[in-house]
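The next block holds one structure in the form of structure tokens; read it before the comments.
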Amino acid sequence: MNEDSSLASNPWTVMPAKRTHTCGSLRKSDAGSAVVLHGWVHRRRDHGGLIFIDLRDRYGLTQVTLDPNVSVEAHDAASGIRNEYVISVQGTVRERPSGTANANMATGAIEVIAGGITILNVSKTPPFNVNEDVAVDEGLRLKFRYLDLRRASLRDAIVQRHRLIKRMRDFLDERDFLEIETPILTASTPEGARDFLVPARLSPGEFFALPQAPQQFKQLLMVAGMDRYFQVARCFRDEDTRSDRQPEFTQLDLEMAFVDEADVMGTIEAMLIDVFGACTPKRIQSIPFPAVTYADAMERYGCDRPDLRFGLELVDVTGLLGASGFGVFRAASSSGGRIKAIVVPGGAAWSRREVDALTELARSFGAKGLATAAIGADGIRSPFRQHVGDEVMASLVASTRAGLGDLIAIVADTAVVVNATLSRLRDHLGAKLGLADPNVLSLAWVVAFPLLERDEERGAWTFTHNPFCAPKDSEVPLLETDPGAALSKQYDLICNGFEIGGGSVRIHVRALQERVFALMGYGKAEVQALFGTMLDAFEYGAPPHGGIALGLDRIVAILAGASSIRDAIAFPKNQTARDLLMGAPSPVAARQLTELGIQVQTGPAISSSSASAPPGG
RNA sequence: GGUCCCGUGGUGCAGCGGUCUAGCAUACGUCCCUGUCAAGGAUGAGAUCGCGGGUUCGAAUCCCGUCGGGACCGCCA
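Position one of the first sequence corresponds to residue 0 (numbering that gives the first Met the number 0), numbered consecutively onward.
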């Protein structure tokens with residue numbers, strides 16, 4: 000009866016003998032030992048006479064064998080045991096009889112012959128199978144997160160996360176970094192993401208903001224002489240989620256004084272080589288990490304965080320096709336757009352249906368269409384061949400280096416659309432063609448970002464990284480003549496198509512920081528009000544400094560082979576930023592609001608979004 | 001704010017206008033079974049197909065709306 004949770008059947012006062020081993024530790028050399036194991040019933044195989052129980056804890060699985068000839072009581076007790084019951088087993092380790100060892104289990108050479116079993120707690124039939132790693136509805140997984148965390152893949156990711164962070168801490172500690180906590184209740188700063196706000200009861204009408212990152216604090220720590228700082232920092236941004244974005248997430252935040260870009264990058268590179276070497280069987284593709292400029296990345300891959308595990312580089316064919324007789328190409332070229340191609344290896348053999356699907360995909364990514372040319376043994380098959388002529392077709396094949404059997408896919412549009420479409424098509428092809436080795440980590444730096452970009456809404460310059468990022472020394476004069484062309488001391492770290500870190504050498508001189516703010520359209524008074532504290536601090540001997548923040552959730556997700564950072568976080572939120580486990584956010588008592596001086600606007604939108612009933616309830 | 005995908009016994013899937021009184025696997029109950037490890041065998045129970053409306057002689061199936069989950073665009077220094 001798994002519903003039977005009566006007090007009599009739950010001997011909670013009886014904590015049996017302390018466990019002597021975990022369920023992952025026993026080996027052949029332990030044969031003969033008397034042991035006590037505690038754990039959850041992973042699976043039970045009842046042969047009538049013999050009963051086998053795979054006992055699970057977070058360390059592994061151990062087979063417990065119940066033989067009525069050894070203990071009738073234990074065997075009888077095991078008959079009533081069901082999956083996910085918590086039990087204690089007292090028994091003897093025995094090498095398994097020849098022919099019955101299980102090479103797939105770490106403990107497969109032995110079994111525990113049970114002399115006694117104590118049920119520590121019963122379990123209802125779980126809402127999904129804990130003992131297998133099949134896909135389950137995300138909502139259900141989040142609602143029963145404590146059961147999901149028992150499953151192997153999620154449990155392993157959480158364990159790996161701990162090991163990774165522990166190793167990072169040790170590495171940085173050995174190099175004189177101090178881990179320093181910074182406030183969670185802090186001040187709202189403009190720009191960047193939307194803040195989460197916390198009402199300040201003692202200052203009615205005013206609010207704290209949760210930090211989007213400890214940016215200013217870590218720079219102030221440099222001014223304070225803390226020299227080398229890091230923190231495993233929770234960050235909060237009230238923006239829409241993605242599979243790689245949660246409203247709260249964790250960064251390894253780091254800052255160093257008296258450094259240039261190479262110092263920070265070198266430190267991080269050394270740390271990651273050490274950490275990944277210890278924490279994952281995956282192989283780093285190339286050491287030292289290659290560096291690619293932002294401009295180069297956009298040109299060759301169409302995005303600033305390309306997956307470098309495979310080639311499939313984009314080729315600019317604007318010059319070649321822009322003047323041709325094909326209207327689509329001419330239009331894109333003459334209106335200042337671009338024409339770029341990607342070569343699909345073996346794509347000439349694709350069926351009409353497959354090529355159509357690729358075109359449809361390109362449309363869904365924003366392109367108006369996809370022009371293709373198949374390089375077959377009997378010649379080039381292409382809808383636009385007749386419009387451009389054989390000579391241009393031959394040049395196209397040559398410049399894209401397409402070979403026999405390949406398919407050339409071309410997008411002609413604005414540079415933004417071309418790059419966005421082809422970079423996503425490239426990712427799609429990498430996956431479809433199996434080019435992205437899951438056992439490889441293609442770590443690389445992206446450098447030479449522009450300092451500023453045009454904010455069309457405000458009609459001013461805005462920062463591409465953060466407002467404290469320094470321009471390259473040689474580029475400072477450009478701030479006066481051509482701000483958009485100035486390159487910065489920013490560096491991003493990418494891995495397998497994700498941005499896993501970003502940082503920069505900062506501005507540490509008040510005058511330069513004020514000049515950059517001026518370019519962004521802030522008046523002096525405004526700057527003083529918003530960033531005065533830090534600018535004032537800069538006047539008391541701010542050392543040159545720079546730092547970086549690594550996205551730990553993303554790194555863990557990559558190592559775990561997860562497609563979402565939800566699978567790297569113990570208690571994540573869903574796509575609509577709700578915590579389905581605890582039922583947050585939720586309405587609060589009227590009295591709480593009164594105390595805070597807050598009046599909640601009621602309306603259809605408000606009341607419907609505050610309904611916190613979980614699905615299936 | 002927008003686009004797209006998915007909601008069918010506890011779970012995972014199939015069915016996509018009548019043959020569905022809804023199929024399969026697994027989980028669950030009972031029984032048999034002493035070397036299994038996704039144990040095996042027998043048997044039983046369990047779903048008005050997320051919800052509401054519409055089209056139709058007839059809807060799990062088509063349409064609209066809504067709710068829930070997910071992917072993406074915008075957004076995210």
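Where is the CB? At the ideal position from N, CA and C, for every residue including glycine.
(request) Tell me whether the beta-carbon of Gln245 lies closer than 9 Å to the beta-carbon of Ile568. (result) Yes, the Cβ-Cβ distance between Gln245 and Ile568 is below 9 Å.
(request) Count the C-beta pairs between the segment 335-347 and the segment 396-405 that are closer than 8 Å, then say yes if the count reaches three, no if not. (result) Proximity of the segment 335-347 to the segment 396-405 meets the contact definition, three or more beta-carbon pairs being nearer than 8 Å.
(request) Under the assumption that Ile52 contacts Leu65 (Cβ atoms under 8 Å), give the Cβ distance between them as a whole number of angstroms. (result) Contact annotation, Ile52 with Leu65: C-beta distance approximately 7 Å; criterion of less than 8 Å satisfied.
(request) For Asn669, name the three-state secondary structure that DSSP assigns. (result) Lying outside 0 to 616, the shown extent of the chain, residue 669 is not represented and no answer is given.
(request) Could you check which residue in Leu153, Phe309, Ala151 and Asp136 has the C-alpha nearest to that of Asp426? (result) Ranking the options by Cα distance to Asp426, first place goes to Phe309.
(request) Within the segment 123-189, note down every full alpha helix (DSSP H) run reaching 4 residues or more, in order along the chain. (result) Listed in chain order, they are 137-142, 144-147 and 151-173.
(request) Would you give the residue range spanned by the beta strand (DSSP E) that Gly550 belongs to? (result) Gly550 -> beta strand (DSSP E) spans His544 to Gly550.
(request) Quick one: grab the DSSP three-state call for Cys278. (result) Collapsing the DSSP output to three states places Cys278 in a helix.
(request) Count the other C-beta atoms from every protein chain shown that fall within 10 angstroms of the C-beta of Lys17, then say buried if there are 16 or more, exposed otherwise. (result) With fewer than 16 other Cβ atoms within 10 Å, it is exposed.
(request) Determine, using beta carbons only, whether Arg423 and Phe364 come nearer to each other than 9 Å. (result) Between Arg423 and Phe364, the gap from beta carbon to beta carbon is short of 9 Å.
(message) Taking the beta carbon of Lys27 as the centre, do at least 16 other beta carbons fall within 10 Å, making it buried, or is it exposed?
(response) Burial state of Lys27 is exposed, judged by a 10 Å Cβ sphere holding fewer than 16 other Cβ atoms.
(request) Report the option in Glu83, Ile112 and His464 whose CA atom is closest to the CA atom of Ile69. (result) Going by the sequence as given, residue 69 is Val instead of Ile. Minimum Cα distance to Val69 is reached at Ile112.
(request) Report the residue ranges of all beta strand (DSSP E) runs contained in full by the segment 12-87; include only those spanning at least 3 residues, in chain order. (result) Counting only runs of 3 or more, we get 33-45, 50-56 and 59-65.
(request) Take every Cβ of the segment 485-500, pair it with every Cβ of the segment 295-308, and state whether three or more of those distances are shorter than 8 Å. (result) By the Cβ rule, the segment 485-500 counts as touching the segment 295-308, because three or more pairs are nearer than 8 Å.
(request) Find out if the Cβ-Cβ distance for the pair Val417, Phe325 is shorter than 9 Å. (result) At a Cβ-Cβ threshold of 9 Å, Val417 and Phe325 do not count as neighbours.
(request) Please name the residue or residues paired with Val446 in a DSSP beta bridge. (result) According to DSSP, Val446 bridges with Thr292 and Tyr490.
(request) Please say whether Ala373 and Val354 have beta carbons closer to each other than 9 Å? (result) Using a Cβ distance threshold of 9 Å, Val354 and Ala373 count as a contacting pair.
(message) Given this structure, state the Cα-to-Cα distance separating Val129 from Val445, to the nearest angstrom.
(response) The C-alpha of Val129 lies about 41 Å from the C-alpha of Val445.
(message) At the level of alpha carbons, what is the spacing between Ala348 and Ala548?
(response) Each residue's alpha carbon lies about 45 Å from the other.
(request) Out of Gln89, His41, Phe257 and Gly31, state which residue places its alpha-carbon closest to the alpha-carbon of Pro15. (result) If we check each option's Cα against that of Pro15, Gln89 comes out closest.
(message) Looking at the secondary structure, which residues open and close the alpha helix (DSSP H) in which Phe462 lies?
(response) Unbroken run through Phe462 is the beta strand (DSSP E), Ala459 to Phe462; no alpha helix (DSSP H).
(request) From the DSSP output, in three-state form, read off Thr420 for me. (result) Here Thr420 sits in helix by DSSP.
(message) Contact between the segment 144-161 and the segment 543-562 is defined here as three or more beta-carbon pairs at a separation below 8 Å; is this criterion met?
(response) Segments in contact, yes.
(message) What does the alpha-carbon distance come out to for the pair Arg380 and Arg351?
(response) The C-alpha of Arg351 is placed about 12 Å away from the C-alpha of Arg380.
(message) Check whether the segment 527-547 and the segment 197-213 are in contact - that is, three or more C-beta pairs closer than 8 Å.
(response) As far as the Cβ criterion goes, the segment 527-547 does not touch the segment 197-213, which means the pair count is below three.
(request) Tell me, to the nearest whole angstrom, how far the beta carbon of Phe537 is from that of Arg514; I am working on the premise that it is less than 8 Å. (result) Phe537 to Arg514, Cβ: 13 Å. No contact.
(message) Strictly by DSSP, which residues pair up with Asp315?
(response) The secondary-structure analysis by DSSP pairs Asp315 across a beta bridge with Lys339.
(message) Quick check on Ile597: does DSSP put it in helix, strand or coil?
(response) Note: Ile597 maps to coil in three-state DSSP.
(request) Starting from the C-beta of Asp194, find all residues in its chain whose C-beta is less than 6 Å away, skip the five residues before and the five after it, and write them out in chain order. (result) Excluding residues up to 5 positions away in sequence, Ser187 and Ala208 lie with their Cβ nearer than 6 Å to the Cβ of Asp194 in the same chain.
(message) For Ser594, tell me which candidate among Pro198, Phe248 and Ser242 has the shortest Cα-Cα distance.
(response) According to the sequence as given, residue 594 is Glu; it is not Ser. The residue with the shortest Cα to Cα distance from Glu594 is Pro198.
(message) Here's the rule I'm using: 16 or more other beta-carbon atoms within 10 Å means buried, otherwise exposed. How should Ala370 be labelled?
(response) Counting Cβ neighbours within 10 Å, Ala370 comes out buried, since at least 16 surround it.
(request) Ignore the nearest five residues each way along the sequence and tell me which others in Gly63's own chain have a CB closer than 6 Å to its CB. (result) The question names Gly, but residue 63 is Val in the sequence shown. For Val63, same chain residues with a beta-carbon under 6 Å away, outside a window of 5 residues either side, are Ile52, Leu54, Val88, Val111 and Ala113 in chain order.
(message) Going by DSSP, what residue range makes up the beta strand (DSSP E) through Leu251?
(response) Looking at the DSSP string, the run of the beta strand (DSSP E) that includes Leu251 is Glu247 to Ala256.
(request) Can you check DSSP and say which residues form a bridge with Phe570? (result) Residue pairing of Phe570 in beta bridges, as defined by DSSP: absent, with no partner found.
(message) Using 9 Å as the threshold, is the C-beta distance between Arg282 and Leu428 below it?
(response) No, the pair does not count as a contact, with Cβ atoms beyond the cut-off.
(message) Residues in the same chain with beta-carbon distance under 8 Å from Val316, minus the five sequence neighbours each way, listed in chain order, please.
(response) The residues Ile338, Lys339, Ala340, Leu395, Ser398, Thr399 and Ile409, in chain order, have a CB closer than 8 Å to that of Val316 in the same chain once the five nearest residues on each side in sequence are set aside.
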